[in-house]
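One structure is given here, and the rest of the page talks about it.
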Amino acid sequence: MEYISNQSGLIASGLGALLFAWVANIVMKGWKARRTFVEFRKQGFPMPKHSMIFGHLLTMKPFIDKLPSDAHPVYYFGQVAKEEFPRGVYYLDMWPFFGPLLICTSLNATVDATQRTALSIKKPDSLIRWFQSIAGGPNLFTMEEDEWRSWRSIFNPGFSQAHIFKLVPTIVREALAYRGLLLKYAQGGKIFRLDDETLWFTMDMIGSLVLENSLDSKRTQNTLAVALLDQLRWHIGDQVLNPFVRYNPLRLAVQWRNSRRMNSYIGRELDMRYEAYKNSLECGDKPDSKSVISLVLEGYLKQNGGAQQLPVSLDKTFKSYATFQIRTFLFAGHDTTSSTICHMFYLLNKNPAALKKLRNEHDSVLGSDLSTAASVISNNPQTLNQLTYTTSVIKEALRLFPPASSARQGVEGVDIMDDDGHRYPTGNTMVWALHQPIQRNSKYWPNADEFIPERWMVESDDPLYPTKWAWRPFEFGPRNCIGQGLVMNELKVILALTAREFDIKDAYEEFDRLYPRKGFSSGDDTSGFSLQEFSEHWKVVFLLISQVAKYQ
């Protein structure tokens with residue numbers, strides 16, 4: 353008994369020592385984080401009122417409280433800049449949720465960070481951790497420069513405009529399936545969550561383009577699609593400041609399970625394609641596909657010295673890296689596209705004159721017979737280039753509701769400058785450039801909060817003419833979005849095959865009546881914001897509960 357008692361005492365002492373070390377480590381990290389901002393303040397850097405205990409957490413609380421609980425930080429960080437830092441650059445201490453932040457809503461500072469300086473190529477370490485559960489490992493979004501350049505060169509041929517036109521028939525096929533879904537809801541006459549349904553559709557579309565395989569996600573509950581969508585539901589995302597979400601042990605278990613399922617599915621696809629690829633080469637055929645999965649295999653072929661030296665099976669390390677890239681494309685290609693589709697429908701419904709112009713353009717370019725539009729586009733994809741007003745509608749929707757923002761790792765000795773020439777050191781910070789405040793800033797955009805597609809069609813001497821670099825949904829610089837051309841053509845096809853046939857309306861009031869709830873509602877005062885300003889990163893819970901009616 354004495355032996356057992358001594359053992360128990362040793363275990364308790366060991367656990368106590370571990371707990372003490374863990375707490376001490378947290379305290380030291382917190383002290384270091386707070387001291388960083390004490391030094392920043394001594395040097396006169398712009399920042400909100402700082403506390404040695406709470407950093408800027410309490411200062412941010414009034415801004416956070418004005419918004420829905422799951423609104424993305426971009427909105428309250430942007431509002432702080434608007435109200436307190438008119439130059440558009442300030443430092444922010446949100447530890448333990450973030451490391452030191454340098455927030456940018458200044459256009460010049462953003463251009464410095466993403467295009468002109470050594471920061472332009474460097475993604476933050478915290479972003480790598482944030483993206484881990486989505487991609488599974490090193491990926492095109494977060495890789496260091498040399499590795500990133502190698503993989504980017506592999507994928508570039510698949511995103512040339514010439515090849516994108518070859519993909520248009522596939523896009524049309526998937527868009528027609530989406531049209532069928534809208535028709536079903538139009539005939540049913542009930543409200544539904546458009547974002548949820550559109551996510552399934554965009555998953556099918558990007559699956560076809562990445563894997564050359566239609567997933568038929570919702571009907572078959574495709575393993576890959578279900579796992580990825582569930583992974584995103586369990587991702588920290590907009591709940592980054594919620595400790596119950598951030599440190600939920602169940603979240604880690606679910607994400608581990610989803611990751612295994614995605615890797616297994618993609619691994620099987622890679623193995624099957626590799627066998628087919630080898631067989632084609634052995635028969636003297638050269639595969640001409642430029643899907644993501646085919647480009648991965650072409651890269652592997654070059655890496656191994658050509659067709660004559662291909663191993664029996666894919667190298668495990670290469671296969672893992674290929675899986676990470678495919679997961680990245682599936683994520684990036686479906687979520688942002690889905691939200692943009694919903695925003696376009698919303699904005700067109702709220703702006704009937706723009707909707708009329710859009711429909712008139714489709715009649716003029718594609719013909720007034722709605723049933724032939726799909727074949728016109730499939731047979732001559734270059735027709736999409738004639739849809740100039742449609743392109744303007746898409747760009748204006750992306751201006752008002754940009755799908756993301758940009759983050760770069762600060763570098764010691766490298767400063768960025770605001771529009772007035774004031775300099776800001778970036779060392780030991782994550783530079784976070786907020787697209788939404790930039791793209792709604794009246795300094796850069798006349799009538800900034802208004803939906804005006806015509807601003808994209810005026811001459812350079814017109815007051816509406818866009819400010820250079822101020823439209824940033826796909827970002828500029830070396831780390832810009834590789835899929836910009838593909839996304840723009842996808843969105844054009846979707847509008848061309850749906851905008852004349854359906855009226856899509858928000859149903860906030862009806863939803864509130866049917867499902868009364870406590871807290872923030874569609875009719876609440878948002879202190880200067882419109883509810884729709886929260887929609888992109890808030891998963892558009894109210895906006896995209898939409899009612900569809902047949903267009904006559």
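Just so we're aligned, residue 353 is where the sequence shown starts under my numbering, counting upward by one.
Just so it is clear, CB atoms sit at the ideal spot from N, CA and C, and this is done for glycine as well.
Rounded to the nearest angstrom, the Cβ distance from M782 to A749 is 28 Å, too far for a contact under 8 Å. The three-state secondary structure of L666, taken from DSSP, is coil.
Fewer than three beta-carbon pairs drawn from the segment 801-817 and the segment 444-459 are found closer than 8 Å, and the two stretches are therefore not classed as touching. Residues of the same chain with a CB within less than 7 Å of the CB of M495, apart from the 5 flanking positions on each side, are W503 in chain order. In this structure F697 is buried. Its beta-carbon is surrounded by 16 or more other beta-carbon atoms within 10 angstroms. By the C-beta density criterion, D556 is buried, having at least 16 other C-beta atoms within 10 angstroms. Exposed is the label assigned to N737, since fewer than 16 other Cβ atoms lie within 10 Å of its Cβ. In the three-state reduction of the DSSP assignment, G407 falls in the strand class.
Proximity to T554 across R679, F828, L492 and T689 peaks at T689, based on C-alpha coordinates. Collapsing the DSSP output to three states places W823 in coil. In this structure, Y626 lies away from T575, with their beta-carbon atoms at least 9 Å apart.
Going by beta carbons, A385 and P452 fall inside the 9 Å limit. Each residue's CA atom was taken as its position, placing F683 and L535 some 27 Å apart. Each residue's CA atom was taken as its position, placing S478 and V728 some 46 Å apart. The beta carbons of P755 and V520 sit no closer together than 9 Å. The C-alpha of N701 lies about 19 Å from the C-alpha of L739. Residue pairing of P777 in beta bridges, as defined by DSSP: D767. A direct Cα-Cα distance of roughly 17 Å separates I678 from W608. Selection F429, L409, I543 and D770 evaluated against L866 yields I543 as nearest (Cα-Cα). Ranking E436, P490, I480 and V390 by CA distance to the CA of T669 puts P490 first.
Restricting attention to W784, R585 and P398, the CA atom closest to the CA of L459 is found in W784.
Between L786 and C456, the CB-CB gap stays under 9 Å.
Comparing alpha-carbon positions, the option among N615, S569 and D498 lying closest to A529 turns out to be S569. At the C-beta level, H402 and F389 come within 9 Å of one another. DSSP places L584 in the uninterrupted alpha helix (DSSP H) bounded by T575 to R585. Between the alpha carbons of I693 and A800 lies a gap of roughly 21 Å. By the CB criterion at 9 Å, T680 and I486 fall inside the cutoff. Linking T850 to T742 through their CA atoms gives a straight-line distance of about 12 Å. W383 sits exposed, since fewer than 16 C-beta atoms from the chains shown fall within 10 Å of its C-beta. Distance from the Cα of A705 is smallest, within the candidate group N731, V745 and G651, for V745. Here the alpha carbons of H408 and M399 stand approximately 9 Å from one another. Assigned with DSSP and collapsed to three states, V390 falls in helix. For the pair S611 and Q583, the CB atoms are nearer than the 9 Å cut-off. For A527, the uninterrupted alpha helix (DSSP H) run begins and ends at Q513 to G540, by DSSP. K474 and Q788 do not touch by the CB rule: their CB atoms are close to 23 Å apart, not below 8 Å. For I455, the secondary structure class from DSSP, reduced to helix, strand or coil, is strand.
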